[in-house]
Structure formats: C-alpha cells, structure tokens
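As structure tokens, the structure follows; a few thoughts come after it.
Protein chains in written order, with the numbering used here: chain A, 1233 to 1379; chain B, 8 to 326.
See below:
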C-alpha cells in the first residue's frame, strides 16, 4: 500500500513539473484592434487558377461543361461553336476539359470547322481550350479557327 | 514503472497537441539555414580591415560574404589564403573549412587561381585576425565584382542597383524587388485588403504551371491597436495579426532570432486552407520597427520555388 502511494506521488510530481516547464498556465490573450475585419482577403488573393492541366478537379463522370446562359451577363466567357451549337465555358468554374473534347468529337462532321470564339479574360483558360483543339486537330483532323 | 512511463508519454502527447513549444519543423525563410552572401572584393576588404579595424569589425564581423580574390597559398586541403586580384599586395585573408566537399574543391585549386568564396567572416577576439569560414569555393574568370549585389548558395545573384524600389510607412522603409516581381505585384489596399503593402504572385512569373505561391510584404501600424498600452506586447500583437488573417491563433512564436545583418525576426509557421480545401504552408516573419509597428512577411505556398529570391529580398530591406 505504501509502495503504491509513493508511486502515485511520483506520477503527480512529474505531471506538475511537466506542466510548469511547458508554461501551461501562461496563455496570454490577444490584443484588440480598432478594425476587426481581415487585413487581407486571402480568398481573393490566393487564386487557384494554375496554368496548364494541373490542379483541376473533375466533375462527376458524364457531367458536361456546357452551362446555362446565366453567366452571359458577366461577360468574358469563352465560347466554342460546333455546327452552330455553342459551348460556353464559365469563367471561374474549374472542371475536367476532356469531356469537352469528346463532345466536340461527337458533334464534328468532316468539313466542319470549330470556332474558338471570344477572347477570354484569363489567358490560361484560353490556352487550355486551344490545347484541346490543337490535339483534336492533330489526332483526329478536326479543323478549328480563332475569332 | 511501466505505468509511470506510459502516463508521462500520454501527458507529453497531450501537451504537444496543445501546441506548447513544438515547431512544425524547418522554417523556409530561415536566415540561419539560407544565408545571403553580400558580394565583396578581397582588395576592398583587406584595405578596409588594415586601415580601419574598428570600422571593418562593425561592417563585416559575422557577415556572410561572397569574396572575390586570388589564391595566394594553399595550406593543406582545409585552409587557403586569398589576396587581391591585383598582384600589388601580399596581405591575405585566411579561409578555412571543416566540410569535406569544400576540402575536395580546395584540392583542385592552384596558387594564382581567381576564386569566389562563399562563407562567414569572423574576427578573432584576442588576436584581431580575420577568418572566412568557407561554405563553398569555386574558380572564376571574373576579375571584378559588384559590391551592391547579393548572392545565395546556388549562385543566383541580385544586384540592388538593378532592382525596383518599394517603400512602406511613409517611405521610412525601403525594399527592393526583381523586375519580374513587378509584373505579378498587387497593391493590397487598392485590391485585396486594408493594409499598406503588396502581394507578389510568384507562381505567375513566366506563367509557371504550379499551385499558387505568394509573398505578402506589408506594414502593420501600431496605431491600429485599440489601447496604446498594448504597443509593447509584441508577441500578442503578432498572434493577433495571424489570427486576423487566418482565423487561427498560432500560439507563441516558433523561432525568434537576431539575424547576422541585425534584423530581429519572429517566425510563425501555420497553414492556410483555400476555398477548394487545399492546404498551403503559411509562414510569417514579423520584424518589429521599434514600438511603431511591424514589417510583416507572409509566405503562402505548396512549392517554395522562389525561396532564393525571397531570401535576397529580405536581406536587402532597409527599415
């Protein structure tokens, strides 16, 4: 019984020493500012719009990047027109562009020409779409031009 | 006994999860790990140290330098003496090393070779003799060096005379940026926030295909504090700023140093989670400017591709 009691005394003493060493009891409060709003809007500052294919997140399989005309009013959308049908790519939405390539292939008939329409605010997105069109051209002979 | 040890381990683990005194690991903007070498000419150094020892001590003691000189003598493979490129003087500077890779490089040198020596200068307390402790040595065809330039271990160099100037706090603080940084610069106050300073979207230089890498340089004025009594509470102010930006109190600083160039840095390392749920390293340096405020450097990245340039920019800040 005495041995047990001594053991627990040792344990408790060790705990106390560790807590004191770690300065557990000394957490100082933050200071107050006149303005509590964020000094920098990091969401606006850290834009995840990498160039090239890296960093994109895929939609669910089968989901098509063709979108409604809701974003037309925002301007600055990129349009691909195939056989009179337009595919518009929303400015900020990130998605896998390979379904786009498959869709263009599906609609394309020999003699058609794909038009890459509208200059896009973000040159990165324009370059990526153009890369897909160049690939379609080299692998499947699909013609395209820029407007 | 086993029970005691187990309980101690559990308590230590609990304390560590509370973030008491444990660091994430390496600080990437650590000046002790990534020194910046000020370019110097052996001729200028030797004349200055000979004619004005006290001035030389103030200028050079503990400084990291990239010294251009000529090998005058090789004393084994861990010690050489270099002198002026011109042949006119026999005054030399002793350069030594404990590193085997440097010893290997020395073994390939010959008297008369022009060399660039990266290292740290120290003057002996008792004998007043200078020694350059070598980090790296390489032969060169150069006979002149720009004394306004700074270099890093990789050999990359920035010449302050060719950089763009930026100021903070009513032009009381000056810093210099490479020209390509100007093309990816955002003024914080006009665009993304309310403090005086700039964001540098480094990953957009040369349109690199990587995740965002940004350095923010801004000034925090202690006039923003509600109570003037809080101006001396440096660590609490720093934690408040981090908490304001990341909504996370980082606890005490991970590291505090006075650099070899005299700047006081307080380091914090934490994380930023983007709107897409991606985690980025977030590293802070707070450089107190007396009791007036702080220069704040906030580095957010996944790949630290531009760390060399960042270290040189930090080195050249004039508070």
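Each residue gets a CB set at the ideal place from its N, CA and C atoms; glycine is no exception.
Nearest-angstrom Cβ-Cβ length linking residue i and residue j, presumed shorter than 8 Å
| i | j | result |
| --- | --- | --- |
| residue 73 (chain B) | residue 123 (chain B) | 6 Å |
| residue 259 (chain B) | residue 242 (chain B) | 6 Å |
| residue 200 (chain B) | residue 1272 (chain A) | 4 Å |
| residue 275 (chain B) | residue 257 (chain B) | 5 Å |
| residue 225 (chain B) | residue 195 (chain B) | 6 Å |
Three-state class that DSSP yields for residue i in the structure shown
| i | result |
| --- | --- |
| residue 230 (chain B) | helix |
| residue 326 (chain B) | coil |
| residue 302 (chain B) | strand |
| residue 154 (chain B) | coil |
| residue 237 (chain B) | helix |
| residue 35 (chain B) | coil |
| residue 1248 (chain A) | helix |
| residue 320 (chain B) | helix |
| residue 200 (chain B) | strand |
| residue 285 (chain B) | coil |
| residue 280 (chain B) | strand |
| residue 1377 (chain A) | strand |
| residue 172 (chain B) | strand |
| residue 242 (chain B) | helix |
| residue 56 (chain B) | helix |
| residue 1371 (chain A) | helix |
| residue 166 (chain B) | strand |
| residue 1262 (chain A) | coil |
| residue 46 (chain B) | strand |
| residue 187 (chain B) | helix |
| residue 208 (chain B) | strand |
| residue 265 (chain B) | strand |
| residue 193 (chain B) | strand |
| residue 149 (chain B) | coil |
| residue 247 (chain B) | helix |
Chain A contact for residue i (CB, 9 Å cutoff)
| i | result |
| --- | --- |
| residue 159 (chain B) | no |
| residue 33 (chain B) | no |
| residue 294 (chain B) | no |
| residue 231 (chain B) | yes |
| residue 90 (chain B) | no |
| residue 58 (chain B) | no |
| residue 248 (chain B) | yes |
| residue 36 (chain B) | no |
| residue 311 (chain B) | no |
| residue 198 (chain B) | yes |
| residue 176 (chain B) | no |
| residue 286 (chain B) | no |
| residue 75 (chain B) | no |
| residue 223 (chain B) | yes |
| residue 317 (chain B) | no |
| residue 106 (chain B) | no |
Distance CB(residue i)-CB(residue j) smaller than 9 Å
| i | j | result |
| --- | --- | --- |
| residue 227 (chain B) | residue 304 (chain B) | no |
| residue 112 (chain B) | residue 143 (chain B) | yes |
| residue 287 (chain B) | residue 248 (chain B) | no |
| residue 251 (chain B) | residue 1261 (chain A) | no |
| residue 1263 (chain A) | residue 232 (chain B) | yes |
| residue 67 (chain B) | residue 42 (chain B) | no |
| residue 1275 (chain A) | residue 281 (chain B) | yes |
| residue 205 (chain B) | residue 173 (chain B) | yes |
| residue 270 (chain B) | residue 320 (chain B) | no |
| residue 38 (chain B) | residue 267 (chain B) | yes |
| residue 218 (chain B) | residue 308 (chain B) | yes |
| residue 120 (chain B) | residue 146 (chain B) | yes |
| residue 44 (chain B) | residue 191 (chain B) | no |
| residue 55 (chain B) | residue 157 (chain B) | no |
| residue 46 (chain B) | residue 155 (chain B) | yes |
| residue 141 (chain B) | residue 103 (chain B) | yes |
Minimum Cβ-Cβ distance from residue i to chain B less than 9 Å
| i | result |
| --- | --- |
| residue 1372 (chain A) | no |
| residue 1275 (chain A) | yes |
| residue 1366 (chain A) | no |
| residue 1260 (chain A) | yes |
| residue 1263 (chain A) | yes |
| residue 1363 (chain A) | no |
| residue 1266 (chain A) | yes |
| residue 1237 (chain A) | no |
Length at least 3, wholly inside the region 59 to 146 of chain B: the beta strand (DSSP E) runs in chain order: The region 59 to 146 of chain B contains these whole beta strand (DSSP E) runs: 71 to 81, 86 to 90, 100 to 103, 121 to 130 and 137 to 146.
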